[in-house]
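First up is the structure itself, then whatever we jot down about it.
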Amino acid sequence: MIKTLTKSIRQYKSRAILTPVIMVGEAAMEILIPFMMTKLIAVIEAASEAGTGLTMNDVYSILMYGGIMLAMAIVSLTCGILGGKLASEASAGFVANLRDDMYDHIQTYSFANIDRFSAASLITRMTTDATNVQNAFQMSIRMLVRAPVLFLFAAIMSFVINPGIAWIFIVAAIVLGLVMFILMRRVQPNFREMFKKYDKLNSVAQENLTAIRVVKSYVLEDEEIEKYQKATQDVFEYSVRAERIMALIMPAVQIVIYGTMIILLAVGGVNIIGGGMGVSDLTGLLSYSTQILSGVMMVAMVLTFIAMARPAMDRISEVLEEKSTIVNPEDPVTEVRDGSVDFEDVSFAYVKDAEADVLQNVSFHIRSGETIGIIGSTGSSKSTLVSLIPRLYDVKSGSVKVGGRDVREYDVEALRNAVAMVLQKNVLFSGSVAENLRWGNENATQEELEAAAKQACADEFIEQLPGRYEYDLGQGGVNVSGGQKQRLCIARALLKKPKILILDDSTSAVDTKTDAKIRAALREHAPEVTKIIIAQRIASVQDSDRIMILDAGRIAAFGTHDELMKSNELYRGIYLSQNKGGDEDGTAE
Amino acid sequence: MAQPNNAAAFGRGHGPRGKVKLSGNEKMVFRRLMKYMFLEHKGKFILASILIIVSALASIGGSAFLGIFVDSYVLPLKGQADPDYSAFVGALCLMGGIFLAGALCTYLCNRIMIVVAQGTLRRLRNEMFSHMQTLPLKFFDTNTHGALMSRFTNDTDVLRQMLSQTIPQLISSSVTILGALVMMIFYSITLTLVALVFVAGMLAITQSLAKRSGKFFLGQQSSLGAVNGYIEEMMSGQKVVKVFCHEEQAKERFHALNEELRRNATKANVITNVIGPISNNIGYIQYIVVAFVAALLAMGGTWAAVSPYGWIQGLSGALSLGAIVSFLTFVRSFNMPIQQITQQFNSIVMAFAGAERIFEILDAVPEDEGGNVTLVKVTEEDGEYREEENSEIWAWKVPEGEGFRYELLKGDIRFYGVTFGYEEGKTVLHDISLYAKPGQKIAFVGSTGAGKTTITNLINRFYDIQSGMITYDGINIRDIRKSDLRRSLGTVLQDTHLFTGTVMDNIRYSRMDATDEECIEAAVLANADPFIRNFPQGYQTMLTADGANLSQGQRQLLSIARAMVSRCPVLILDEATSSIDTHTEALIEKGMDKLMEGRTVFVIAHRLSTVRNSHAIMVLEHGVIIERGNHEQLIAQKGKYYQLYTGAFELE
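Protein chains in written order, with the numbering used here: chain A, 1 to 589; chain B, 590 to 1241.
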C-alpha cells in the first residue's frame, strides 16, 4: 500500500529526502545551543566561585560562547526555514501528483469499475483523503527523522555532561515510548470506526440534499432530522471514545517528564551536595530532559497522524490499485471495417456470482447500415445489451462482434469512436453549447456543428439561445430543458461520424413529432450508419428495418413491424394500446 | 454564493496594519460561537477552564520550585559532613505532588473539553441540518449541493480544531504567560524588559506572516473548491467521458486545476511551517541575550568594586546562580506559550470563516409554516364531526371565530387567475384558472419549459404565487398549514430518489406507519414485486442512494409503489412513468387505476397515451393554457393537441 502511494512522489523525491536531512541540522543546533549555554554559565560560575570577578579571559569566553550560540541560532533558523519550505513543496507536490495519478487512473476504469466506486466516494478520496495524506506526509518528513535525532543528540550530550546521571533519560524514554505505543494501538481501531460513522453522516446529508423535494413532498423532515441526529450521535460517541484515549497522551508525557526531572533533581542534588557535580551540569541536564522526552513525544504524535491518515491511505491506494476490467489487447485492431454487429450466444451478468444472468444466450446479426429498434419491458436488459457493443462491459460468455471482429480484439478507443452511444442517463458539462458538441469531434467546424444540430433538431432552440453556440450550459447542463438536453446529446454523438449509432431511450423527453423528425434526418443524412434505437414508444421504432423485442434478458422476437404485428401477440397488444383512439379502447383493454 | 462572503471574512480577519483584530462582525461570530459552547456545557466549560488554570499554575509552580530548590535545599547542604536530607526529600515530594496534580488536571480538562467540543459540533450540525429542513426550495435551487455539503464537512471540521485545541490552548497559554511574567518580574525587572523586547519582535513578525498565510489559505480553499467542483461534475459524467473517449481532455483540465491547488497549498504551508522555526530562534537569541545580561548582573556584585559599572547592581540587585537558572527556565516557559499562540493564528482565522458560513445557513430565512388550518381525523355522528385518532376519515379543521369548523377532505383543487415566476420579472405562468373536482384526472400537456411542473409546484406550495389564488376544498392554500397540505398530496417526481435502506423502507417512505403487507401490496400493484423478489434478500435488500443496478424504469416503479402506500386524496404524477415501457405501463394500469380511484390526480406526461383517458387535458404553451377539454373534444378542435397527437402517426 505504502509503495503504491510513494510512487507518486516523483520529481519531489529529492525534496522529500533533503527535508529530513536539513531537519537534522536544525535538531543538532537545538541541542548544541543549550550545551553552549551550560558552558557559558560554567564560566560565570567558576568566576563567581573564585570570587575574583570577571577577568578579560572570562569576558572573551562569554563573548565567544554567545557568538557561537548566535551563529548556531542563525544556522538553525536557516535550516528551519529551508526545511519548512522544502517540506511543504514536497508534500503539496506529492499529493498533487497523487491526485493526478488517481484521476488519470480513474480514466482507465471500465464501466464495471466505475459502478464499484460511487462518484461521491471518488470525490472524497481525491479531496479530503488526499489532504489528510498531505498533512501526514509533511509531518513525517519534518519530524520522523528530526525527533529521533533530537533524542539521540540530547542523550549523547547528557552523557557528555554526566554519564552517571544520564541513564535516567534512557529509562524515561523507554517508559514513554511504551506508554505511547500502547495508547496508539488502542486508539487506532476507534479512529477507523469513527471515520466510518463520519462517512455515514455525510451520506445522510448528501442524500437529503439530492432528494429534498421528496422529503418535502411527503413531509418527512422530522424523520430525516431523526436519522441525521442518530448519525451525529454515533459520530459523537466514537469521536469521544477515540479522543479520550488521545487525551491520556499529554498527561502521560507530563508525568514522565516531571518524574524524570524529580529523579534528576534528587540524584543531581545529592551529587552536588557531595561535590561531584556543578550547578550548571544540573541546569544543562534539566533542559535536555525536556528535549529528549519531547523527541519521543513528537515521534508518537507523528505516528498518531499517520495512524489517523491510515484509512485515507487505504482508500486512495484502493483507487490506484483497482485494475481496469477492460484493457486493450496485445496487438489491437484499430480500424472498424463496417457497422455490422453480431451477438453469438452472449450471456452477461453485472456481478460475477449473480444468481441469474441479465442476458441469456443472445444471438443475432445486424447488417451494416440497418436501423434496429429495440423494445422490451422495464428491466428486460435493453440498455445492458447495447452497452456490450462499444465494450462498456465484457461479456460473461459468447462473443460480441463489430465489423466482423470480436470487440475484444479492437483498440478500445478506436472501437468507441466507431460506436457512438447516447446514454439513457446522459450528461452535459459546464461550458458552451459548441464546447459540449465538440466532445464528439474536437476539430469540428462551425458548419459541422450546425449540420449535426440540425439533424438532431437542436438547431431551432440553439438559435434562440442568447449567444447561440456560445451559450453557457451551466453545470450538468442545467440551463436547458430535458428535451433540449437530449437533442444536444444526440448532436454530440452524430459529430463523431460513427459507423454505429446507439440511442438508448434518448428521445424520451422529446415530443413525438420532433422524435420522428430526428429519425427522418438520420435516415436521410446517415444512411450508411447502423442505427440501434431503444424506445418506449412503438412509434419510435416501427419504421426501423427490424425490431427486437427483449423479454427478461432473452430475445422474444426479432422482425419487421409487419411481421411482428402478425406473429407477436405482445407487440400487437402494445401497438394497439399506444395507437388506437377511443373507439377501440374497449377491445384493447 | 458563499464564496464572496468567505473571502470577505478572510479580509476582515486582519486589521489594516496586519494585526489579527476582530472586526465587529467577527466579534459577533465569536460571541455566537462561544454561546453555542456555553449553552449546553456551561458547567463543564467553567470546570474545564478552572482545571486548565490549575494545571498551568502547577506547571509554573513546579518551575518556580525548580529554581528555589537548588538555592534552598541543595546548596545549603553542600560541604556538610553529615547533611540532613529530610527537607530535601520533603521538597522533592512536594514538587512531585504539584506536578502530579497538574497532570491530573490536564487529563480531566482534556476529557471534559472533548465532550464540550464534540457536543458543540453535534449541536451545530444538528441545528444546521434541522434548520435546513425548514428552508424553502428556492434555497436549494440557488445553492449547489457541493457548497452546502462543505458546511457540514470542511467548515465544521475547522471548528473542531478550534474548539477542542485552540481554546484550551489559549486559556492555558495566557495563564502560563501571565504566571511566567509575574515570576520573571519578581526575579528581575531589567531582564524581563530585555525579554519583552524580543517578544514584541516575535509577535510582530509572526502576525504579519499569519496575515499573509491567511491570504494563501483562502487561495488554497478556493482552488480546492474548484478541484472539488470539477471532480464532482466529471465523476458524475464519467460514463459519458468513456463513451466519447474524452479521457485525455478531461485529464488536461484537471491537471491545470490541480497544479493551481498545489501552488496555493505550497505557499500556505510554507508560511505555516516557517512560523515555528522563526519564533523558536528568536526565542534562542532572546535566551542568549538574557543569559548574557543575567551573567553581567550576576557579576554585578564583584564588578561594582572594580569597575564603574556598579549601577547595574543598583537596578535589580545581584542575582544568585539559582535565580539565573530559574529566570532562564521562566524565559523558556514564557516563550513556549507565545509560540503556541502564534501557531494558532491560522486555525483561528479559518475557524471564524467556517463558523460564519455555518451561521449563514442558520440565519437563512425558513419557509413559513403556512396558515392555521390543520388536517385531523374525524368521525361523523348525526352530521356533527368529532376528532378521533383511529378514524380513517380526514377533515380540515378550520378556525372560525372562537371555535372550529370541520371541512371533509375531498380533494377539490381550484386555480383562480394564478400568475407566477421563479424570479421577479420573469413570469412563467400567466393567469392560470382551472379546477379539479374530487376524483377527476387532470392532465397537463405541452413542450418542455411550458410550465407543467411549475403548476404542481404551486399546489404543494414549494413556491408561492405572485397573484391569484389556489383553493383546496374551498380553503385558500395559504391558510393551510404547509405540512398538512403536503401530507394530503401524494407526489411522484420524474427524478426518482431512493434512500440508503431496504427496499421496504424505501416504499414505506411515504407513510411511516404502513405495515409490511401494505408495502408489498403496493409493490404488487406497481408491478415492482417480480423484480424485487428476484433480489437475493427480496424486500430486505439494501439499496444505496444511487440505487445501483436498478434500471431507471425499476426506480420509477418503486416510486409509484411509494405513492400507493400514501393515502393522499390528491396525487401529482410528474412524468412518473417516462422510463417505463408501454408494456409494463399497461401491466401496471390496473394498479394505477386503483391508485387513482376516488382521488384527484394531476398528470404530466409526454406520452399522450398516458393522458388520453383524463377528464380534462390542459395544453400549455409558454405558461398559458391554450387548449382544454377531454381527448375527444381536443381532437375535434384540431388544434395543438391534435397536432401533437397525430404527430405520432405522421409516418404511418
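Think of the CB as a built atom: it goes at the ideal place given N, C-alpha and C, for glycine as much as any other residue.
For the pair B:LEU1132 and B:ASN1095, the CB atoms are nearer than the 8 angstroms cut-off. A:ARG337 carries a coil assignment under DSSP once its states are collapsed to helix, strand and coil.
By a beta-carbon distance limit of 8 angstroms, B:VAL816 contacts B:ASN847. Their separation comes to about 6 angstroms. Annotation: A:VAL95 to B:ILE639 spans about 42 angstroms, alpha carbon to alpha carbon.
With a 10 Å radius around the Cβ and a threshold of 16 neighbouring Cβ atoms, B:CYS682 comes out exposed. DSSP places B:TYR1061 inside the beta strand (DSSP E), whose first and last residues are 1056 to 1061. Shown here, B:PRO725 sits in coil according to DSSP, grouped into three states, outside any helix or strand. DSSP places A:TYR238 in the helix class (H, G or I) of the three-state scheme. One Cα belongs to B:ALA880, the other to B:VAL783, and the distance between them is close to 10 angstroms. In this structure, the straight-line span from the alpha carbon of A:ILE273 to that of B:VAL788 is close to 37 angstroms. Taking a Cβ-Cβ threshold of 8 angstroms, the residues of chain B close to A:ILE255 are PHE688, LEU689, ALA692, in chain order. By the Cβ criterion, the segment 704 to 715 of chain B is not in contact with the segment 300 to 311 of chain A, since fewer than three pairs of Cβ atoms, one from each stretch, lie closer than 8 angstroms. Residues of chain A whose Cβ lies closer than 8 angstroms to the Cβ of B:LYS667 are, in chain order, ILE272, ILE273, GLY275. Counted as a single uninterrupted DSSP element, the beta strand (DSSP E) harbouring A:HIS365 occupies residues 359 to 366. Interface criterion met: the Cβ of A:ASN417 is under 8 angstroms from a Cβ in chain B. Under the rule that a run must span 4 or more residues, the alpha helix (DSSP H) segments found entirely inside the segment 238 to 288 of chain A read 249 to 273.
Within the segment 378 to 462 of chain A, the complete beta strand (DSSP E) segments at least 3 residues long are 397 to 402, 419 to 422, listed from N- to C-terminus. Close partners of B:THR855 in chain A (Cβ separation under 8 angstroms): SER88, GLU89, ALA92, GLY93. When the beta-carbon positions are compared, B:GLU977 and B:LYS966 come within less than 8 angstroms of each other. Of all residues in the segment 1083 to 1112 of chain B, those with a C-beta nearer than 7 angstroms to a C-beta of chain A are HIS1086, PHE1088, THR1089, TYR1098, SER1099, MET1101, reading in chain order. For B:VAL832, the enclosing alpha helix (DSSP H) covers residues 827 to 832.
Within its own chain, the residues whose Cβ lies closer than 6 angstroms to the Cβ of A:ARG125, once the five positions on either side in sequence are excluded, are ARG315, ILE316, VAL319, listed in chain order. In the structure shown, A:SER506 adopts coil according to DSSP, grouped into three states. Ranked by Cα distance from B:GLN932, the options B:PRO955, B:PHE729, B:ASN869 are led by B:ASN869. Note on B:LEU1209: 16 or more other CB atoms within 10 angstroms of its CB, so buried under the neighbour-count rule. Of all alpha-carbon atoms in A:LYS425, A:GLY404, A:TYR198, A:GLN484, the one lying nearest the alpha-carbon of A:LEU437 is that of A:GLN484. The bridge partners DSSP lists for B:ASN1202 come to none. The C-alpha of A:GLN360 is placed about 55 angstroms away from the C-alpha of A:ALA16.
Per DSSP, B:GLU973 is one residue of the beta strand (DSSP E) stretching across 973 to 976. For A:LEU178, no beta strand (DSSP E) segment is defined; the enclosing uninterrupted segment is the alpha helix (DSSP H) at 163 to 210. Contacts with chain A (Cβ-Cβ distance below 9 angstroms) from the segment 826 to 842 of chain B involve GLY826, GLN827, LYS828, VAL829, VAL830, LYS831, VAL832, PHE833, CYS834, HIS835, GLU836, GLU837, GLN838, ALA839, LYS840, listed in chain order. For the segment 1014 to 1025 of chain B, there are no residues whose beta carbon sits under 8 angstroms from a beta carbon of chain A.
The segment 1021 to 1030 of chain B makes no contact with the segment 1064 to 1076 of chain B, as fewer than three CB pairs between them are under 8 angstroms.
Annotated as proximal: A:SER380 and A:LEU550, with beta-carbon spacing under 8 angstroms.
When beta bridges are read from the DSSP output, B:LYS1015 appears opposite B:GLU1012. Using a 10 angstroms sphere on the CB of B:TYR1011, the tally of other CB atoms stays under 16, which defines it as exposed.
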